[in-house]
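**Q** In the working numbering, the protein residues as written are 2 to 156. Glycine is no exception: its CB is placed at the ideal position from the N, C-alpha and C atoms. Quick one: the structure is below, and I'll ask about it shortly.
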């Protein structure tokens, strides 16, 4: 067990590692007040370009399953699923409808964090990454990869 606590179903609980995710969750919850931690609302973002769908377990269903299991194992509330199928992360952000929908929900303060499997599922275009990061920071939202050690809450 890790030291991160969250409020769930009337009880204070700790997040815990699972067989699929052997490391404790490093994400710190935000406090609503001095006594109770808020359950984080996470968005699950999945993306695959056509040529990658069948390689290395990167299919949309495989990503969705892994991210859902991670969120549930760590006590996060899933605020929504956002997907871009057959879209390269090198293309301008305007072609990524799932990402644009996700950012609209971030702007409405419906999301505290975004989970992605790997960094290359999130961005490969630095310009669009910088634009997105500004939006996330303005709304106190951060992102985390579950298969790599990237977590913008620790930056």
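Taking Cβ positions, are residue 83 and residue 102 nearer each other than 7 Å?
**A** Numbered from 1 along the chain shown, position 82 holds the residue referred to as residue 83. Numbered from 1 along the chain shown, position 101 holds the residue referred to as residue 102. Yes, Cβ-Cβ distance for residue 83 and residue 102 is below 7 Å.
**Q** Under a three-way DSSP split, which group does residue 127 fall into?
**A** Translated into the one-based positions of the chain shown, residue 127 becomes position 126. In this structure, residue 127 counts as helix in the three-state DSSP scheme.
**Q** Determine the burial state of residue 71: buried for a count of at least 16 other Cβ atoms within 10 Å of its Cβ, exposed for fewer.
**A** Start at 1 with the first residue of the chain shown, and residue 71 comes out as number 70. The residue is buried, with at least 16 neighbouring Cβ atoms inside 10 Å.
**Q** Where are the alpha helix (DSSP H) runs, 4 residues long or more, that stay fully inside the segment 79-111, in chain order?
**A** Segments of the alpha helix (DSSP H) lying fully in the segment 79-111: 98-108.
**Q** Residue 124 to residue 74, Cα distance in whole Å?
**A** Locating residue 124 in the chain shown gives position 123, counting from the first residue. Locating residue 74 in the chain shown gives position 73, counting from the first residue. Their Cα atoms are separated by approximately 25 Å.
**Q** Which first and last residues belong to the alpha helix (DSSP H) in which residue 146 is found?
**A** Counting from 1 along the chain shown, the entry for residue 146 is found at position 145. From DSSP, residue 146 is part of no alpha helix (DSSP H) but of the beta strand (DSSP E) over 143-146.
**Q** For residue 127 and residue 117, what's the separation of their Cα atoms in angstroms?
**A** Here residue 127 corresponds to residue number 126 of the chain shown, with the count starting at 1. Here residue 117 corresponds to residue number 116 of the chain shown, with the count starting at 1. Cα to Cα, residue 127 sits roughly 17 Å from residue 117.
**Q** I'd like the list of long-range same chain contacts for residue 148, defined as Cβ closer than 6 Å, with 5 residues on each side in sequence excluded.
**A** Here the question's residue 148 lines up with position 147 in the chain shown. The answer, listed in chain order, is 118, 119.
**Q** What is the DSSP secondary structure of residue 113, reduced to helix, strand or coil?
**A** Position 112 of the chain shown, counting from 1, holds the residue named residue 113. Looking at residue 113 - three-state DSSP - the assignment turns out to be coil, as it is neither helix nor strand.
**Q** Determine which residues share a DSSP beta bridge with residue 139 and list them.
**A** Translated into positions along the chain shown, residue 139 becomes position 138. In DSSP, residue 139 forms no bridge with anything.
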